[in-house]
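S.K.:
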Amino acid sequence: MNQENKSGNSMDVVSMRDEDIKNEIIQLNARQLTIVRNMSYYYSVGHIAEIISSIKKDNILDDTDIRDEKHLINDIVNAVIDSFKEYHVTLTEEQVIDMKKRLISTRNELYDLSNALKGYVIELSYIKEMAEYYTMKYLGKHKGYFEVSKKDIDYLLDRINYMLDNRTFDYSTYMKLVSDIILLTPFRMSKFKYYDVLRKTLLRNFRNYPVNVVENKIEEYKMFFDSTLLGDYGILFDQYFAGIQKFKNRKLNNVKSNELEDINADIKALNEKISKINMIIIELGIVINKLLVLYLTKGIADDLSDEDKLNYKLEEFVEKPDEELLNYLLETSNGKLRENENKLLENADYFEKLVHESANRGIVYEDVLDDGIRKTGEVLAYYNDVKFIKQDMIYSEKYESVSDTYLEQLIDSLIQYINRSISLMGNIERKIRMRRLLSLIELPFENRDEFLSYLEYSFDQRIVAMDEMAFSFFALNQILEDFKERH
């Protein structure tokens, strides 16, 4: 079918025979796979070149704190380069399957590295929040604080209620506002009430969700609450672990304001160092996603023409990195990427019309289309993963909703994890971590009235220190002003 028909109006599709619609959907699905393969190819070229340039020019892997992991990351970079090279040669079906297995294995190694670093960043953020808390206490004690009256608190609560009222129909903004408010409100909740809120909220939020999604989310919540008891924390990048332990061993409640500032500066420096390494690891993971697209479509998508290939130029750059060649690779690959993105958009409307007309007619398809759609689903799952998520979250052919019994077991495992973790913490750290997790959960509390009651109790002047109340009062008013301006 010519290009005019592809971008034509719905009458073109309406006038087509059933068999023509079926064939066109199958062919268009194959063309879309070719375009996604092209996009993955050019993404890989540009980002492999950028990773090599960053490692060599910025000396990111020369940090003496990651001597052991440096060799592993370098090996993975070389494996990525070799996988891209090998894509250009003729391979048997068994060789393609073997390459996919190797890429997934490498992807898992990278994920473990990234997850360990994520744990260190989480723990650093808690130490930073503890330091900020004691800075606030120090300043309140030595420089005084603004007295917040009951009238001030009532005004703040009315303002929060009004802001929520006006954002009821903007779900994401409403959710973000609730999260920010919780994060800045003094935490005043018993352990048992906290567990009750978690249980009811998570039962509501995750009912009928896919099993793997719920399992992964519960593991995320455990990690956000306390990373130290999970995975490779303290094993991988052990020098970063040692640096964090030094901060944890400091008694922050006896430290002066200027010392707390120095600690914050040191935390920031270590956090930046960890984040730079993690950015490289995540970028490598996303490139592996694109390489998996190449191998998943090998033998299915149309072959690239010789003039469209950039492997020789990339190999030349790998052997001898050069700024001019880097610019050529980036400009060419980005241009080709945009070109293919436009093609994908051009075909999308036409494909949607075909599918809509097919559904209206109740056209029945053979296994050939089902197989093609499954393959496309897997390919797009890898292509669209730009956050570098866990392997078992990428794609699943089966959709199994979590049962109520299993959901309750998962929630119980989270509560038990929290309970075990807080038994090793001081009162301030426990409150900071419990508040943080509560702010990360989607719309905790059963309704707005319960949420507002929690806020009112948290600002009770009989049980909350004035310096903490004043800090929260001004911080909350500021975010309300910011929300008002932005939304």
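For any residue, its number in my numbering is found by taking its place in the sequence shown, counting from 1, and adding 37. Glycine included, each C-beta is placed from N, C-alpha and C at the ideal position. Since this is a predicted model, take the numbers as computed values, not measurements.
1. Within 10 angstroms of the Cβ of glycine 280, are there 16 or more other Cβ atoms? Answer buried if so, exposed if not.
2. In three-state terms, what does DSSP make of methionine 38?
3. Would you kindly work out how many angstroms separate the C-alpha atoms of alanine 306 and leucine 154, rounded to a whole number?
4. By how many angstroms is the C-alpha of serine 395 removed from the C-alpha of arginine 74?
5. Glutamate 252 lies in the alpha helix (DSSP H); which residues open and close that run?
6. Return the residue from the list Tyr232, Thr413, Tyr436 and Tyr148 that minimises the CA-CA distance to tyrosine 246.
7. CA-CA distance, asparagine 301 and tyrosine 443?
8. At what residue ranges does the stretch 105-180 contain a whole run of the alpha helix (DSSP H), taking only runs of 4 or more?
9. When the distance is taken between beta carbons, is isoleucine 159 closer than 9 Å to serine 312?
10. Rounded to the nearest angstrom, how far is the Cβ of glutamate 106 from that of phenylalanine 274, given a contact under 8 Å?
11. If you count every other CB in all the chains shown that lies within 10 Å of the CB of valine 117, and 16 or more means buried, which is it?
12. Buried or exposed: where does threonine 222 fall if 16 or more other Cβ atoms within 10 Å of its Cβ makes it buried?
13. Determine whether the beta carbon atoms of glycine 271 and aspartate 149 lie at a separation below 9 Å.
14. Using the rule of at least 16 other Cβ atoms within 10 Å of the residue's Cβ for burial, across every protein chain shown, is alanine 168 buried or exposed?
15. Can you round the beta-carbon distance between isoleucine 197 and isoleucine 218 to whole angstroms, since I take them to be within the 8 Å contact cut?
16. Mind checking whether leucine 351 and serine 120 have CB atoms under 9 Å apart?
17. Where do the N-terminal and C-terminal ends of the alpha helix (DSSP H) with valine 392 fall, by residue?
18. Could you tell me the boundaries of the alpha helix (DSSP H) in which lysine 357 lies?
19. Any chance the stretch 407-426 sits against the stretch 82-101, with 3 or more Cβ pairs inside 8 Å?
20. For phenylalanine 229, count neighbouring Cβ atoms within 10 angstroms of its own Cβ and tell me buried if that reaches 16, exposed if not.
21. Distance check for isoleucine 410 and asparagine 145, CA to CA, integer angstroms please.
22. Suppose contacts are defined by Cβ-Cβ distances below 9 Å. Is leucine 447 in contact with methionine 212 by that definition?
23. I need the straight-line Cα distance from asparagine 39 to aspartate 49, nearest angstrom please.
24. Determine the direct distance from the alpha carbon of valine 248 to that of valine 51, and round the result to whole angstroms.
25. Ignore the nearest five residues each way along the sequence and tell me which others in phenylalanine 284's own chain have a CB closer than 6 Å to its CB.
26. If you draw a straight line from the C-alpha of glutamate 487 to the C-alpha of tyrosine 208, how long is it?
27. Please state if the CB of isoleucine 88 and the CB of glutamate 320 are separated by a distance shorter than 9 Å.
28. Let me confirm a value: serine 44 is counted as buried when at least 16 other C-beta atoms fall within 10 Å, else exposed. Which label applies?
29. By the three-class DSSP mapping on this structure, what secondary structure does serine 52 have?
30. Look up serine 433 in the DSSP assignment and say whether it is helix, strand or coil.
31. Could you work out which residue in Leu65, Tyr349 and Ile459 is closest to glutamate 383 when comparing CA atoms only?
32. DSSP on serine 227, reduced to helix/strand/coil?
33. According to the neighbour-count rule (16 or more other Cβ atoms, all chains shown, within 10 Å of its Cβ), is phenylalanine 206 buried or exposed?
34. Hey, how far is the Cα of glutamate 130 from the Cα of leucine 147?
35. Less than 6 Å between C-beta atoms, sequence neighbours within five positions excluded: which residues of the same chain meet that for tyrosine 454?
36. Judging by CA-CA distance, which residue of Asp189, Leu140 and Tyr277 is the nearest neighbour of leucine 161?
M.R.: Answer, in terms of the structure:
1. Against the sequence shown, residue 280 aligns to sequence position 243. When all chains shown are included, glycine 280 counts as buried.
2. Start at 1 with the first residue of the sequence shown, and residue 38 comes out as number 1. For methionine 38, the predicted model reports a pLDDT of 39, less than 50, meaning its position is unreliable and no value from the coordinates is stated.
3. Looking up residue 306 in the sequence shown gives position 269. Looking up residue 154 in the sequence shown gives position 117. Each residue's alpha carbon lies about 15 Å from the other.
4. For this step, residue 74 is matched to residue 37 along the sequence shown. For this step, residue 395 is matched to residue 358 along the sequence shown. Roughly 26 Å separates the two Cα atoms.
5. By 1-based counting over the sequence shown, the position of residue 252 is 215. Residues 248-262.
6. Residue numbering aside, residue 246 sits at position 209 when the sequence shown is read from its first letter. Here the closest residue by C-alpha is Tyr436.
7. Along the sequence shown, read from residue 1 onward, the residue named residue 301 stands at position 264. Along the sequence shown, read from residue 1 onward, the residue named residue 443 stands at position 406. Going from the Cα of asparagine 301 to the Cα of tyrosine 443 covers about 42 Å.
8. 130-180
9. In the sequence shown, residue 312 corresponds to position 275, counting from 1. In the sequence shown, residue 159 corresponds to position 122, counting from 1. No, the Cβ-Cβ distance between serine 312 and isoleucine 159 is not below 9 Å.
10. By one-based count along the sequence shown, residue 106 stands at place 69. By one-based count along the sequence shown, residue 274 stands at place 237. Their Cβ separation, rounded to whole angstroms, is 6 Å, which keeps glutamate 106 and phenylalanine 274 in contact under 8 Å.
11. Within the sequence shown, the letter at position 80 stands for residue 117. With 16 or more Cβ atoms within 10 Å of its Cβ, valine 117 is classed as buried.
12. As a first step, residue 222 is located in the sequence shown; it is residue number 185 there, counting from the start. It is buried - the Cβ of threonine 222 has at least 16 other Cβ atoms within 10 Å.
13. Your numbering for residue 271 matches position 234 in the sequence shown. Your numbering for residue 149 matches position 112 in the sequence shown. Contact flag unset, no.
14. For the purposes of this step, residue 168 is taken as residue 131 along the sequence shown, with counting starting at 1. That one is buried.
15. Counted from its first residue, the sequence shown places residue 197 at position 160. Counted from its first residue, the sequence shown places residue 218 at position 181. Yes, they are in contact, since the Cβ atoms of isoleucine 197 and isoleucine 218 sit about 6 Å apart, within 8 Å.
16. Taking the sequence shown and counting its residues from 1, the one referred to as residue 351 is at position 314. Taking the sequence shown and counting its residues from 1, the one referred to as residue 120 is at position 83. Their beta carbons are not under 9 Å apart, which means leucine 351 does not touch serine 120 by this criterion.
17. Within the sequence shown, residue 392 is the residue found at index 355, counting from 1. Here the alpha helix (DSSP H) through valine 392 covers 360-398.
18. Translated into the one-based positions of the sequence shown, residue 357 becomes position 320. Here lysine 357 belongs to no alpha helix (DSSP H), and DSSP marks it neither H nor E.
19. no
20. Here the question's residue 229 lines up with position 192 in the sequence shown. Counting Cβ neighbours within 10 Å, phenylalanine 229 comes out exposed, since fewer than 16 surround it.
21. In the sequence shown, counting from the first residue as 1, residue 145 sits at position 108. In the sequence shown, counting from the first residue as 1, residue 410 sits at position 373. Using only the alpha carbons, I get a separation of about 26 Å.
22. Residue 447 sits at position 410 when you count from the first residue of the sequence shown. Residue 212 sits at position 175 when you count from the first residue of the sequence shown. The answer is no: Cβ separation not under 9 Å.
23. By one-based count along the sequence shown, residue 39 stands at place 2. By one-based count along the sequence shown, residue 49 stands at place 12. With a pLDDT of only 41 at asparagine 39, under the threshold of 50, the placement of this residue in the model should not be trusted; the figure read from the coordinates follows. Cα-Cα distance, rounded: 12 Å.
24. Along the sequence shown, read from residue 1 onward, the residue named residue 51 stands at position 14. Along the sequence shown, read from residue 1 onward, the residue named residue 248 stands at position 211. Near 40 Å, if we compare the C-alpha coordinates of valine 248 and valine 51.
25. The residue labelled residue 284 in the question sits at position 247 within the sequence shown. The answer, listed in chain order, is Ile164.
26. Numbered from its first residue, the sequence shown carries residue 487 at position 450. Numbered from its first residue, the sequence shown carries residue 208 at position 171. Rounded to whole angstroms, glutamate 487 to tyrosine 208 spans 18 Å at the Cα level.
27. Numbered from its first residue, the sequence shown carries residue 320 at position 283. Numbered from its first residue, the sequence shown carries residue 88 at position 51. Yes, the pair counts as a contact, with Cβ atoms nearer than the cut-off.
28. Translated into positions along the sequence shown, residue 44 becomes position 7. Annotation note: pLDDT 44 at serine 44 (below 50); position unreliable, coordinate value reported separately. When all chains shown are included, serine 44 counts as exposed.
29. Taking the first residue of the sequence shown as position 1, residue 52 is located at position 15. Correct three-state label for serine 52: coil.
30. Mapped onto the sequence shown, residue 433 falls at position 396. Here serine 433 sits in coil by DSSP.
31. Here residue 383 is taken as the residue at index 346 of the sequence shown, counted from 1. The residue with the shortest Cα to Cα distance from glutamate 383 is Leu65.
32. Locating residue 227 in the sequence shown gives position 190, counting from the first residue. In this structure, serine 227 counts as coil in the three-state DSSP scheme.
33. Taking the first residue of the sequence shown as 1, we reach residue 206 at position 169. So phenylalanine 206 ends up on the exposed side.
34. Numbered from 1 along the sequence shown, position 93 holds the residue referred to as residue 130. Numbered from 1 along the sequence shown, position 110 holds the residue referred to as residue 147. Straight-line Cα distance between these residues: approximately 26 Å.
35. In the sequence shown, counting from the first residue as 1, residue 454 sits at position 417. Excluding positions up to five away in sequence, the list reads Lys259.
36. Within the sequence shown, residue 161 is the residue found at index 124, counting from 1. Of the candidates Asp189, Leu140 and Tyr277, the one whose C-alpha sits nearest the C-alpha of leucine 161 is Tyr277.
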